[in-house]
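J.:
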Amino acid sequence: MTRQILLIGHPGRPEALEIAAQLVKDLGDNDIRVVGTAEELRAFGVIDEPLVEVAAEDPAAGCELAIVLGGDGTILRGAELVRDHRVPLLGINLGHVGFLAEAERDDIHTTVRKVVDRSWTVEERATLAVTASLDGEVLWQDWALNEASVEKRARERMLEVVVEIDGRPLSSWGCDGVVMSTPTGSTAYAFSAGGPIVWPGVAAILLVPISAHALFARPLVLSTDVQIAVELKQGAEAEAVVWCDGRRSYDLPAGSRIEVCRADTPVLLARLTDAPFTDRLVAKFDLSVSGWRGTRRGS
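Next comes the structure, spelled out in structure tokens:
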């Protein structure tokens with residue numbers, strides 16, 4: 057049976073066209089079929105190539121791996137396609153930082169060889185389940201790999217929220233919003249809002265207030281079995297919106313309750329090396345490590 061890999065990407069990036077063409081050629085030379093949506097395959101200019109197939113309604117079905125060409129935003133879009141099928145995502149970074157990506161554009165031949173040899177490991181990344189309700193009636197449900205955020209819709213007014221942990225009130229804030237993040241998302245929106253970076257292997261959920269007018273408004277690191285709720289105060293004038301990964305949103309009426317907990321279904325990331333997360337941080341943030349001499353000297 058012919059192996060099958062899903063191609064997901066950002067055809068608007070000129071470099072993506074060249075890489076997609078190389079991927080399709082190299083994978084095809086190894087009898088591996090590339091599938092994708094008609095729109096993307098046509099935009100990449102590979103729709104008529106041998107062993108390229110337009111996917112049916114569910115692109116990830118039957119695929120052993122999904123290769124994503126783009127930045128973290130494109131990888132988050134890929135996660136939406138593959139999560140329910142438990143297909144691992146392999147990101148080739150064409151963005152600026154690309155924390156979720158595993159390979160860089162210059163490593164394309166090495167990446168293809170490892171894909172051909174099935175030389176990857178799979179890492180599970182926790183996701184969040186998000187439910188918005190009003191007076192006990194569910195309004196909207198979704199999930200997030202990076203973060204769920206409750207934010208104000210208009211600049212001129214603050215949100216008035218009460219945060220609850222495991223059924224008990226924690227604090228009320230006037231704020232611009234609240235971010236609830238996985239460790240994966242700790243280098244994204246939560247980081248920009250002042251939250252800590254959490255290593256991917258840590259079982260935790262972060263809660264980070266955004267510009268809160270309160271003495272107690274520090275980021276919190278919670279266990280993964282907690283139930284978080286953010287309630288919008290009744291009668292508050294500011295309008296709010298809940299976002300999942302900055303991609304999917306729902307406008308919230310006053311008095312809404314947003315509940316967040318760890319979801320049952322993770323996202324799978326394909327890893328080509330066993331490089332530690334510390335090295336990824338140093339590379340992605342271009343951190344200075346001058347003066348480091350190693351942990352053992354004179355041995």
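Numbers 57 to 355, taken from the working numbering, label the letters of the sequence shown in order. For each residue, glycine too, the CB sits at the ideal point set by N, CA and C.
What whole-angstrom Cβ distance do L328 and A159 have, given they're in contact under 8 Å?
T.: Confirmed, Cβ separation roughly 6 Å.
J.: Any idea what DSSP makes of E120, helix, strand or coil?
T.: coil
J.: Apart from the five residues just before and just after M57, which ones in its own chain have a Cβ nearer than 8 Å to its Cβ?
T.: none
J.: Kindly give me the distance between the Cβ atoms of I64 and V110, rounded to whole angstroms, as I take these residues to be in contact under 8 Å.
T.: Actually they do not touch by this definition, with Cβ atoms about 14 Å apart.
J.: What are the residues that DSSP puts in a beta bridge with S237?
T.: The partner list for S237 (beta bridge, DSSP) reads E203, L262.
J.: If T238 and N202 are in contact, beta carbons under 8 Å, what's the gap, nearest whole angstrom?
T.: 7 Å
J.: Can you pull the DSSP bridge partners for D364?
T.: This structure gives no information on residue 364, because the portion of the chain shown stretches from 57 to 355.
J.: How would you label E96, buried or exposed, when you count the other beta carbons within 10 angstroms and need 16 or more for buried?
T.: Label assigned to E96: buried.
J.: Decide if the stretch 226-244 is in contact with the stretch 199-218; the criterion is three or more beta carbon pairs, one per stretch, under 8 Å apart.
T.: yes
J.: Once the 5 residues before and after E193 are set aside, which same chain residues still bring their CB inside 6 Å of it?
T.: none
J.: State the beta-bridge partners of D359 as determined by DSSP.
T.: Outside the shown range of the chain, which is 57 to 355, sits residue 359, and nothing can be said about it.
J.: One question on the structure: do L308 and A185 come within less than 8 Å of each other, judged by their Cβ atoms?
T.: no
J.: Is the beta carbon of C231 less than 8 Å from the beta carbon of S267?
T.: yes
J.: Grab me the residues of G151's own chain with a C-beta within less than 8 Å of its C-beta, minus the 5 sequence neighbours each way, in chain order.
T.: Non-local beta-carbon contacts of G151 in its own chain, meaning distances under 8 Å to residues more than five positions away in sequence, involve G126, G127, D128, G129, T130, A157 in chain order.
J.: Is T177 close to chain C, meaning its C-beta is less than 8 Å from at least one C-beta of that chain?
T.: The structure shown contains no chain C; it is built from a single protein chain.
J.: Are there 16 or more other CB atoms within 10 angstroms of the CB of F341, so buried, or fewer, so exposed?
T.: exposed
J.: Identify, in the order they occur along the chain, each residue of the same chain with its Cβ nearer than 7 Å to the Cβ of P322, setting aside the five sequence neighbours on each side.
T.: Annotation for P322: E180, R181, A182, T183 place their beta carbon closer than 7 Å to its own, counting only its chain and skipping 5 residues before and after.
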